[in-house]
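Just so we're aligned, residue 959 is where the sequence shown starts under the numbering used here, counting upward by one.
Using N, Cα and C, we set each Cβ at its ideal position, and we do this for glycine too.
Keep in mind the model is a prediction, meaning the values are calculated, not measured.
What follows is a set of notes on a single structure, which appears directly below.
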Amino acid sequence: MDDEQKDHLKSYGIAFWVLKNGEEVDWLLNYRGGSFMMKYGQKVEEECKIRGVSYEVIADAKATEIITEVSDPSVNMDLVKLEKAPRMAVYSPKNKLPWDDAVTLVLKYAEIPYDVVYDEEVIHGELPKYDWLHLHHEDFTGQYSKFYGAFRYAQWYTDDIKIQEAMAHKLGFSKVSKMKLAVAQNIRDFCAGGGFLFAMCSGTDTFDIALSAANTDICERMFDGDAADQDAQSKLDFSQTFAFQNFTLDMNPISHSFSNIDVTTTRQVDRTRDFFTLFDFSAKWDVVPSMLTQDHDKVIKGFMGLTTAYNKSMLKPGVTIMGEMKTANEARYIHGEYGKGQWTFYGGHDPEDYQHAVNDPPTDLKLHPNSPGYRLILNNVLFPAAKKKKQKT
């Protein structure tokens, strides 16, 4: 999985395919870019050839030599056993909206199977069937991504409002915002019970904002038919959130911003200098963040989104920063635990489309098979398959 690999993204699909077929995969953290090692089988070799994935067939003695090398206490490497393919769900609307989800794009490209769930399935309690859930370009606050200012006359926008309102009423909610809050709380409980949550773009900060605003109304009349609570800011409960605290809401309905968690409107970063750096964790002691940051590049080109990156001063204590731009005080890629589960938030919309706009065509990943930004997404896909290590005491 170093620079010798022809298709890094499809390589994850091979690992997932092996797991689905009942075999184990050894993930060699920090060894040649985080390589995968598995028992030889002719079908595995044929699958690599079909998918265009670079591989090496090695003797048992060489495999033992590699295991010895990565296990050496003096090197920053480790071996993690992946045992079972996680059951995957993507939270995504059934109606077609004029933007794409980087995660579904890369899952399809890597040929990793997943189910699509949305509000109805979540409210009906289907999340416990899954190990892994993804949230992307979503607004859990009920403000329709705050697209009112730019797109309120667009057909797709008005259609989406009708669909969302109809579903809210079907499920017994008086407002879309109340339905979305219930969905967020169900996802929170999924995580608390041991689920793995991976979110990108506005699926990250709006999730926390919705949870914090459970006891108030932050939606103006054009979103839910009545005025927002003028004291909403003082009624936020930061004890309910995963990642962020002490943030200030942007209550302007014409603004595209939800709060000062996101730095999209305030950052002074030229595109040519927009990069973030992955933190170098100890593979033997910080196993989880080491898995999540496996890559063949440590400096990743930045990309924008409705939510681009996070103001580090808004992060809760205990949140692990895995990717950041220190000069701008931005966290881009963060991780934490909630109950028995874990979550990862990744800012930005599409790692290979710097400023993806509404109605832009989807990224063709055939042109980006070695994308280090997309690799971070796929690290999260395999992460739940890891064998749980006994805690060192």
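- Counting other Cβ atoms within 10 Å of its Cβ, E1004 stays below 16 and is therefore classed as exposed.
- In the three-state scheme derived from DSSP, where H, G and I count as helix and E and B as strand, Q1300 is classed as strand.
- DSSP places Y1049 in no alpha helix (DSSP H) but in the uninterrupted beta strand (DSSP E) bounded by M1046 to Y1049.
- Exclusion of the five residues before and after V1277 leaves A1201, I1292 and G1294 as the residues of its chain whose Cβ lies within less than 7 Å of its Cβ.
- In this structure, DSSP gives D1255 a state outside helix and strand, which the three-state scheme calls coil.
- For W1114, the uninterrupted alpha helix (DSSP H) run begins and ends at Q1113 to K1128, by DSSP.
- According to the DSSP secondary-structure assignment, M995 is paired through a beta bridge with D984.
- Ranked by how close their Cα comes to the Cα of K1136, the residues N1144, I1145 and A1126 have A1126 in first place.
- When D1244, I1258 and D1182 are compared, the shortest CA-CA separation from L987 is found for D1244.
- Cα atoms of D1097 and Y1115: separation of roughly 13 Å, rounded to the nearest angstrom.
- When the Cα atoms are used, K1042 and L1336 turn out to be separated by approximately 16 Å.
- Secondary structure note for E1004: its alpha helix (DSSP H) is the uninterrupted segment Q1000 to R1009.
- Boundaries of the beta strand (DSSP E) around I1279: T1278 to M1283.
- Counted as a single uninterrupted DSSP element, the stretch harbouring T1224 is not any alpha helix (DSSP H), since DSSP gives it neither H nor E.
- Each residue's CA atom was taken as its position, placing W985 and L1250 some 12 Å apart.
- The Cβ-Cβ distance between F1234 and M1283 falls below 8 Å.
- For the set A1068, S1050 and Y1072, the Cα lying nearest the Cα of H1094 is the one of S1050.
- Burial is judged here by how many other beta carbons sit within 10 angstroms of a residue's own beta carbon; A1267 has at least 16 and is buried.
- Ranked by Cα distance from G1297, the options A1021, I1145, A1343 and A1289 are led by I1145.
- Residue state for G1153 is assigned as coil, using DSSP reduced to three classes.
- T1162 carries a helical assignment under DSSP once its states are collapsed to helix, strand and coil.
- With a cut-off of 8 Å on Cβ pairs, the region 1216-1223 is not in contact with the region 1179-1190, counting fewer than three such pairs.
- Under DSSP, K1039 takes part in a beta bridge, and its partners are D984.
- The three-state reading of DSSP puts W975 in helix, counting H, G and I together.
- Taking 3 residues as the shortest admissible run, the region 1182-1235 contains no complete beta strand (DSSP E) segment at all.
- In chain order, E1005, C1006, R1009 and V1011 place their CB closer than 7 Å to the CB of I972, counting only its own chain and leaving out the 5 sequence neighbours on each side.
- DSSP places V1246 outside any beta strand (DSSP E); the residue lies instead in the alpha helix (DSSP H), whose first and last residues are V1245 to L1250.
- Judged by DSSP in its simplified three-state form, N1269 adopts strand.
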